[in-house]
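Student: Have a look at this one before I ask anything.
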Amino acid sequence: MPDVKTAPTFDLQSHSTYSDGTLAPAEVVERAREAGVQLLALTDHDTVDGVDEALSAAGDMRLIPAVELSSVHGTYEDLHILGYGIDHTDATFRATLADFRQDRIRRILAMAEKLREAGFTIDPKRLEHEAPGRPHLAAALLEDNDLDLSKNEVFARYLVPGTPTYVGRSRPTMRQAIDVIHAAGGLAVWAHPYWDVEEAEAALREFAGYGLDGVEAFYITHDEAQTRQLHALARELGLITTGSADFHGPTHDHFNRFRAFSLHGLEPDLGRLLAD
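FYI, in full-length UniProt numbering the residues of the sequence shown are 1 to 276.
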């Protein structure tokens with residue numbers, strides 16, 4: 001855990017109750033302020049409905065209107081793309097996000113039905129969220145059934161590719177997600193590249209060819225070697241480099257603190273994110 005005195009003062013991924021976080025947008029902003037964050041982004045999954053509340057609460061803290069889109073690419077079904085500086089009021093953009101959320105809802109309901117067919121109880125009300133995702137489904141499984149499992153174990157057994165109750169996403173593709181963000185005036189940044197891709201460096205080169213603007217090189221789970229690899233490749237490709245602790249709320253198992261990531265002595269390049 002980085003020393004709070006030397007930790008970055010920016011944190012460019014966080015989530016509220018509009019997606020899979022546990023705090024309202026204004027509360028997320030307040031937690032960030034208490035932690036010493038000076039540049040913040042609220043990046044709820046497939047929705048910008050919490051952005052105005054966050055902006056109202058930000059005061060003298062700089063808050064970037066943002067979103068996190070889930071995309072598919074080849075055999076990878078859940079790659080996350082952060083959209084920074086988007087026009088969150090744009091009607092076309094909001095309609096596109098609503099369409100993506102319908103696909104998200106379809107998928108989660110299909111997985112819930114498969115779990116019921118497998119003998120589990122799932123209260124439909126637990127899935128009534130703006131942007132329901134697998135974390136909501138995992139929580140419902142644990143709350144409605146007598147399972148001696150952790151949330152990570154629930155994911156591994158029931159909610160990942162290769163398990164009989166998993167249902168994949170069909171859209172948007174990585175290229176489509178980048179285009180949607182650009183059409184809304186934003187910068188497209190690949191989040192936590194080492195989560196789901198075995199050859200992250202090769203994928204980053206490919207995505208840069210699609211118009212990707214940056215990569216989340218600094219991340220709470222990245223070790224120093226991973227951070228340095230991404231930072232060097234981003235410089236080679238002319239990409240900005242962002243970072244975050246991926247705050248989801250104070251009770252989350254892993255993502256429960258702001259500024260809990262390290263720069264490992266490197267200089268981030270936030271590019272146009274720092275422009276007025």
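A virtual CB, placed ideally from N, CA and C, is assigned to each residue, including glycine. Fair warning: this is a prediction, and the values are worked out from it, not measured in the lab.
Could you say which of 162, 86, 208 lies nearest to residue 236 if we only look at CA atoms?
Tutor: Closest by alpha carbon: 208.
Student: Give me the Cα-Cα distance between residue 63 and residue 117, rounded to the nearest whole angstrom.
Tutor: Going from the Cα of residue 63 to the Cα of residue 117 covers about 44 Å.
Student: In angstroms, rounded to a whole number, what distance separates the CA positions of residue 157 and residue 198?
Tutor: Looking at the two C-alpha atoms, the distance is approximately 21 Å.
Student: My parser needs the alpha helix (DSSP H) runs of 4 or more residues fully inside the segment 212 to 245; what are they?
Tutor: Within the segment 212 to 245, the complete alpha helix (DSSP H) runs of at least 4 residues are 224 to 237.
Student: Taking 7 Å as the threshold (C-beta atoms), are residue 264 and residue 224 in contact?
Tutor: Taking 7 Å as the Cβ cut-off, residue 224 and residue 264 qualify as a contacting pair.
Student: Can you check whether the C-beta of residue 215 is within less than 7 Å of a C-beta belonging to chain B?
Tutor: Among the chains of the structure shown, chain B does not appear; only one protein chain is present.
Student: Determine the direct distance from the alpha carbon of residue 217 to that of residue 239, and round the result to whole angstroms.
Tutor: The alpha-carbon atoms of residue 239 and residue 217 are separated by roughly 10 Å.
Student: Just to confirm my understanding: we take residue 47, look at its own chain, exclude 5 residues before and 5 after, and list those with CB closer than 8 Å. What are they?
Tutor: Only 18, 19, 67, 97, 101, 130, 131 meet the Cβ criterion.
Student: Report the rounded CA-to-CA distance for residue 182 versus residue 112, giving the unit in angstroms.
Tutor: Near 34 Å, if we compare the C-alpha coordinates of residue 112 and residue 182.
Student: Would you call the CB atoms of residue 44 and residue 15 closer than 7 Å?
Tutor: For residue 44 and residue 15, yes; Cβs fall inside 7 Å.
Student: Is residue 262 closer than 7 Å to residue 11 when the C-beta atoms are compared?
Tutor: Contact flag unset, no.
Student: Identify whether residue 103 lies in helix, strand or coil by the three-state DSSP scheme.
Tutor: It is helical.
Student: Which whole-angstrom value describes the C-beta separation of residue 23 and residue 33, a residue pair presumed to lie in contact below a C-beta threshold of 8 Å?
Tutor: No, residue 23 and residue 33 are not in contact; Cβ-Cβ is about 13 Å, not under 8 Å.
Student: In angstroms with no decimal places, state the Cα-to-Cα distance between residue 57 and residue 127.
Tutor: Spanning the two alpha carbons is a distance of roughly 27 Å.
Student: Keeping to the same chain, check which residues put their C-beta closer than 8 Å to that of residue 109; ignore five residues upstream and five downstream.
Tutor: Only 127 meet the Cβ criterion.
Student: Roughly how many angstroms lie between the CA atoms of residue 82 and residue 59, to the nearest whole one?
Tutor: Near 23 Å, if we compare the C-alpha coordinates of residue 59 and residue 82.
Student: When the Cβ atoms of the segment 176 to 191 are set against those of the segment 84 to 99, are three or more pairs found closer than 8 Å?
Tutor: Touching, yes, given that three or more Cβ pairs across the two stretches are closer than 8 Å.
Student: Got a sec, what are the start and stop residues for the alpha helix (DSSP H) residue 83 sits in?
Tutor: Element bounds for residue 83: not the alpha helix (DSSP H) but the beta strand (DSSP E), 76 to 84.
Student: Under 8 Å by Cβ, that's how I've got residue 154 and residue 138 pegged, so tell me the actual separation to the nearest angstrom.
Tutor: Indeed, because the Cβ distance is near 5 Å, the residues count as touching under 8 Å.
Student: Look at residue 232 and residue 241 and say whether their C-beta atoms are less than 7 Å apart.
Tutor: No.
Student: Just curious, the alpha helix (DSSP H) that residue 26 is in, first and last residue?
Tutor: Residues 25 to 34.
Student: Specify the secondary structure class of residue 135 as computed by DSSP and reduced to three states.
Tutor: Helix.
Student: Out of 134, 266, 151, which one is the CA nearest neighbour of residue 161?
Tutor: Of the candidates 134, 266, 151, the one whose C-alpha sits nearest the C-alpha of residue 161 is 134.
Student: Contact defined as beta carbons within less than 8 Å: I believe residue 145 pairs with residue 165. What is the distance between those atoms, to the nearest angstrom?
Tutor: Between residue 165 and residue 145 the Cβ distance is about 13 Å, and since that is not below 8 Å, they are no contact.
Student: For residue 39, which residues from the same chain have a beta carbon less than 6 Å from its beta carbon, with the 5 sequence-adjacent residues on both sides left out?
Tutor: Once the five neighbours on either side are set aside, the close Cβ partners of residue 39 are 10, 62.
Student: Rounded to whole angstroms, what is the Cα-Cα separation between residue 125 and residue 142?
Tutor: So the alpha carbons of these two residues sit roughly 14 Å apart.
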